[in-house]
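Just so we're aligned, residue 342 is where the sequence shown starts under the numbering used here, counting upward by one. We treat Cβ as the ideally placed atom computed from N, Cα and C, and that holds for glycine. Report on one structure; see the data block that follows.
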Amino acid sequence: KEPPKRVVRAWTDGPEQVGKDGRLYAGYGDGVWFKDRHCLNVAEKLLGPAQTNNRAEMTAVLYVLKIMQTWVPLQVCTVSQLVVDTILYWME
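Have a look at this one:
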């Protein structure tokens, strides 16, 4: 389903990977997708020693918030409940 008119939709992801031992490990990067071949789509390596999927997901959302103008209606799609709670309840 398409977002309402003039609303920019961004999908974010901070992936986990399954290791050879079958356990889940934090991803090595974050990604943002607006639509096919969009110039603001990004997939990048997550820097720093602490690699968690929550950190990667939050980094992706922060990327979106930094590049969008504050007056642009924005819809961020994420699977991270931590990100949702941070934006709705903890961010001021």
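Pairing G360 with L387 gives a Cβ-Cβ distance that is not under 7 Å. In terms of Cα proximity to V402, the closest of D362, E343, C380, V420 is V420. According to the DSSP assignment, Q416 belongs to the beta strand (DSSP E) that extends over 415-418.
At the C-beta level, A397 and G363 stay beyond 7 Å of one another. Rounded to whole angstroms, the gap between the alpha carbons of A351 and L423 is 17 Å.
Pairing A391 with F375, the inter-Cα distance amounts to about 27 Å.
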